[in-house]
Amino acid sequence: MTRTDALLILAIVVLALAGVADSPVWSPTLIVLGVGTAAWGWKRADVDDLLRLFA
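Numbering (our numbering) for the sequence shown: 92 to 146.
Spelled out as structure tokens, the structure:
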């Protein structure tokens, strides 16, 4: 498992926790963290693919 895979799995877990959280504070916070983590993982995946393509 690469770091990119771990980031995307972490994003899924955080978003799942946001769906379960019944707090008006924690649920939006977890959604923002999950989406940010997913975006970071998605960007890393694009960079990793480009590095493999031109390596």
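We put the beta carbon where it would ideally sit given N, CA and C, even for glycine.
Give a yes or no on contact between the region 114-125 and the region 135-146, applying the rule of three or more CB pairs nearer than 8 Å.
Taking 8 Å as the limit for Cβ pairs, the verdict is that the region 135-146 does not touch the region 114-125.
Please classify T93 as buried or exposed, where buried requires at least 16 neighbouring CB atoms within 10 angstroms.
Exposed.
Out of curiosity, what's the CA-to-CA distance linking G110 and G125?
Distance between the alpha carbons of G110 and G125 is about 11 Å.
Below 8 Å CB to CB, which residues in the same chain sit around T95 once its five sequence neighbours on both sides are set aside?
Within the same chain, T95 has close Cβ partners G132, R135, A136 and D139.
Is the separation between the beta-carbon of L99 and that of A129 shorter than 9 Å?
In this structure, A129 lies closer than 9 Å to L99 by Cβ.
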